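Participant: Residues in the sequence shown are numbered from 4 upward in steps of one, following the working numbering.
Cβ coordinates follow ideal geometry from the N, Cα and C atoms, glycine included.
Just so it is clear, the structure is predicted and the values come from calculations on it, not from any experiment.
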Amino acid sequence: MSGDTISKLFKQTSEKYWDKKIALRYKNLGVWQPYTWKYFWEQSKYFGLGLTSMGLKAGDRVTIVGDNEPEWYFAQFGVICCGGIPTGAFQDSGPEEIKYVITQSGSTFVVVEDQEQVDKLIFSYRDREGKEREPITSQVPAIEKVIFWDTKGLRSYRDSKLMRFDEVVELGRHYEKEHPGLLEKIIENSDPEAPVMLTYSSGTTGLPKGIVHCSRSVLAASRCWDSPAPTGEKDEFVSFFPLAYGGEFLYVIPAFIKGGATVNFPEEPETVAQNIRELGPTKASSAPRLLEMEISTVQVKMADASLLKRLAYQLFMPVGYKIARMKRLNQSINVFWKAVYGLGYFVVYRPLRDWLAYPRNRILLIGGAALASEVLDFYLALGIDARMIYGMIECTPTAGHMKGDVDPETTGVPTLGSELRISDGGEVLSRGPQRMLYYHQNPEATRKLIDEQGWVHTSDAGFITEKGHLVCIDRLADLGVLGDGTGFSPSYIENKLKFSPYIRDAIITGDDKDYVGALISIDFPNLGQWAEAHRIPYTTFVDLSQKPEVYELVSKDVVGINRKLPEKHRIRKFAILHKELDADDAELTRTRKLRRKEVSARYQDMIEALYSDKTDYTAEARVTYRDGRTATITTKVHIASVEGEAK
């Protein structure tokens, strides 16, 4: 496949299946709308030619902003086929974040979904400091056109830079008549080493960096993603991760390479779970945060279920864990346990799989962040073939669990064509054909990431087991050291905490301190449901978070987690935050990863209170609303000592 490119394979697959098979399916107004490979190809082709007629040249960048809908793929593949480079911004990004992507990438065209995204570009707005800013289209004169595909609410707009998606497609149809065979010639001459993808890092430690991939690296990455369970013609995918996140594109590519598989788009972000249940995809990928939320929901529903259902769950889940562990260790399972597990399958495991939308699932690949072993164990107990995948978008995936070799405490062995080693400083280094080309307009960061031997310096701390499995401990910069020199991994403890149905996020502290502390953000929907069931009145998130009953409930979870930790790693004090951690407040990335540096700085005084004699702390926090307005929340936060751990 050395000469293959994304555009060549897309064209070949489209011609092979044409109007015989469905390529995409999108639920619109309650009805699933199918799109054949013929339609997919033509929409992409003519959109790309339409941009070409307006000046798009090889290597030009195009920013796309919107929900997961077919038009995103039409635009993305159309740009690639014409030699351009698509990139994306998250649909919930504010104007400043979108402007950053447009300016850093040097985009000349911006393709957006609807009125909400158009308004962010053509109207003035307030930045995070509250200052009035000119429209992005005025600040960035390089933007030629803002193209939108959902016309609702936009018919009266008269901005000269606005253009409908279908108008661009129609331009492309006319342009082909004047330049017959142009697109096919561009595709035929496409270079496997030419950039085809520009995606942005999560930005946990600073401004996001532009990651540039070529066809060679994208196809190598897709083969790694696909190798654990090769894609077949009958496979069904559901595209629900934000398409601005590069991992989604890399995961779905095998469907287009092999052809015949169908990619489905949910009706709305709010209906993802419902739509997935309707479809029952055969292959799925997910992030730890989403799985933690799924498990939390199951646990809360079981707590409120009938006595019979609760008893069945409590009886058969331990059996599921036991059988999963025996299979993992290649131990023989006797007739008795097979019979018990078989009964549990019909009573508990199958109904849960149906509810979680995994009835037909062949494999569940999990990646994007560290995962508590308890989460993987839960899905394995249900009989789901769940496996971890490790890597950073710059070079992913470089490790993963192979069939029959799944260890919840590791992230697996090197993937197809990949190499892993640990540096003298304990850093995980990776190398493989799926490595990116470079960071866009950032040669210094590129040199820092990739050394002269081609090794990618991941900035993760880890080690390789005797069986060749990679164990990722934490980010090197995040590793903590107590005052007595005892090292600890904040993310390891945080992931244990997030397994609780009542804890949404956690920040572990203790660097240069006498003991480990924690700031905890509650899961408001689950805790609200619990409070109502226990007749505990509350008014707001702030009010509920500081209820004594909530502290007592969370404290029980903390005590349970402490029992699984070494003595010096146990949490001695914690406080429950009075607000949710929010990407709009720069506390999380758009993929819900913790911005540890920013959070630690923002809550520095509260963290210090964990290491004092104080029993409460008066907190003030500034929050930023979607429209740019800011407000300050003031409340008294309780500092709790953990039973049996207080100094």
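1) Closest by CA to Glu555, which one among Trp340, Arg595, Ile642, Val545?
2) For Cys84 and Ser17, which I take to be in contact (beta-carbon distance under 8 angstroms), what is that distance rounded to the nearest angstrom?
3) Taking 6 angstroms as the limit between beta carbons, can you name the residues of its chain near Ser205, skipping five residues before and five after?
4) Is DSSP giving Ser141 helix, strand or coil here?
5) If contacts are defined as beta-carbon pairs under 8 angstroms, then Ser462 and Ala480 qualify, I think. What distance do you get, rounded to the angstrom?
6) Looking at the strands, I want to know which residues DSSP matches up with Thr637.
7) How long is the line joining the alpha carbons of Thr633 and Ala622, rounded to whole angstroms?
8) Looking at C-beta atoms only, is the number of pairs between the segment 142-160 and the segment 101-109 that lie closer than 8 angstroms three or more?
9) Give the C-beta separation of Val474 and Phe491 to the nearest angstrom, bearing in mind that I take them to be a contact with Cβ-Cβ under 8 angstroms.
10) Give the range of the alpha helix (DSSP H) segment to which Asp608 is assigned.
11) Suppose the cutoff is 6 angstroms on Cβ atoms and the five residues either side in sequence are ignored; what does the same chain contact list for Thr414 look like?
12) Does any residue of chain D have a CB that is nearer than 8 angstroms to the CB of Cys85?
13) Helix, strand or coil for Ser110, going by three-state DSSP, please let me know.
14) Measure how close the beta-carbons of Tyr178 and Leu59 come, nearest whole angstrom, since I'm counting them as under 8 angstroms.
15) Does DSSP put Tyr29 in a helix, a strand or coil?
16) Cβ-heavy atom distance between Val602 and the ligand ZN below 7 angstroms?
17) Once DSSP output is grouped into helix, strand and coil, what is the label at Gln94?
18) Pick from Glu430, Arg507, Gln456: whose alpha carbon is nearest that of Phe466?
19) Below 7 angstroms CB to CB, which residues in the same chain sit around Asp619 once its five sequence neighbours on both sides are set aside?
20) Can you tell me where the alpha helix (DSSP H) with Phe240 in it begins and where it stops?
21) Hey, how far is the Cα of Met4 from the Cα of Ile396?
22) Using only the alpha-carbon positions, how far apart do Pro73 and Gly6 sit?
23) Within 10 angstroms of the Cβ of Glu132, are there 16 or more other Cβ atoms? Answer buried if so, exposed if not.
24) Shortest alpha-carbon distance to Ala61 belongs to which of Tyr361, Tyr49, Pro198?
25) Taking the runs of the beta strand (DSSP E) that are 3 residues or longer, which of them lie wholly in the segment 35-85?
26) Where DSSP assigns a beta bridge to His472, which residues make up the other side?
27) Note down the Cα distance separating Glu173 from Thr542, rounded to an integer number of angstroms.
28) Starting from Arg422, trace the beta strand (DSSP E) both ways and give me its first and last residue.
29) Going by the beta-carbon positions, is the gap between Ala373 and Tyr382 smaller than 8 angstroms?
30) Name the one or two DSSP bridge partners that Pro198 has.
31) If you follow the alpha helix (DSSP H) that Pro3 is part of, which residue opens it and which one closes it?
32) Is it the case that the Cβ atoms of Ala264 and Phe240 are separated by a distance below 8 angstroms?
33) Whose C-alpha, out of Phe319, Val409, Leu282, is nearest the C-alpha of Asn364?
34) To the nearest angstrom, report how far apart Leu419 and Asp238 are at their CA atoms.
35) In angstroms with no decimal places, state the Cα-to-Cα distance between Lys14 and Leu185.
36) With three or more beta-carbon pairs closer than 8 angstroms as the criterion, would you say the segment 109-124 touches the segment 150-164?
Facilitator: Reading off the structure:
1) Check the Cα spacing between Glu555 and each of Trp340, Arg595, Ile642, Val545: the tightest is with Ile642.
2) That pair is no contact at about 10 angstroms.
3) Here the set comprises Thr592, Thr594, Lys596.
4) In this structure, DSSP gives Ser141 a helical state, which the three-state scheme calls helix.
5) 7 angstroms
6) DSSP, once it has assigned bridges, lists Glu623 as partnering Thr637.
7) 16 angstroms
8) They touch, by the three-pair rule.
9) In fact, because the Cβ distance is near 15 angstroms, the residues do not count as touching under 8 angstroms.
10) 607-612
11) Here Thr414 has Met391, Tyr393, Ala402, Leu473, Cys475 as same chain residues with Cβ atoms under 6 angstroms from its own Cβ, once five neighbours each way along the sequence are excluded.
12) Given the protein chain composition of this structure (a single chain), no chain D is represented.
13) coil
14) That pair is no contact at about 11 angstroms.
15) strand
16) The ligand content of the structure shown is nil, which means the ligand ZN is not present either.
17) coil
18) Glu430
19) Lys639, Val640, His641, Ile642
20) Phe240 -> not in any alpha helix (DSSP H); beta strand (DSSP E) instead, spanning 239-241.
21) Note that Met4 scores a pLDDT of 44, beneath 50, so its modelled location is shaky and nothing firm can be said.
22) 28 angstroms
23) exposed
24) Pro198
25) 64-68
26) His472 is not bridged to any residue.
27) Their backbone Cα atoms lie some 53 angstroms apart in a straight line.
28) One point to set straight first is that residue 422 is Glu, not Arg, in the sequence displayed. Segment 422-425, the beta strand (DSSP E) holding Glu422.
29) The criterion of a C-beta distance shorter than 8 angstroms is not satisfied by Ala373 and Tyr382.
30) Cys217
31) Since the first residue of the chain shown is 4 and the last is 650, residue 3 is not available in this structure.
32) yes
33) Leu282
34) Between the C-alpha atoms of Leu419 and Asp238 there is a straight-line separation of about 22 angstroms.
35) 14 angstroms
36) yes
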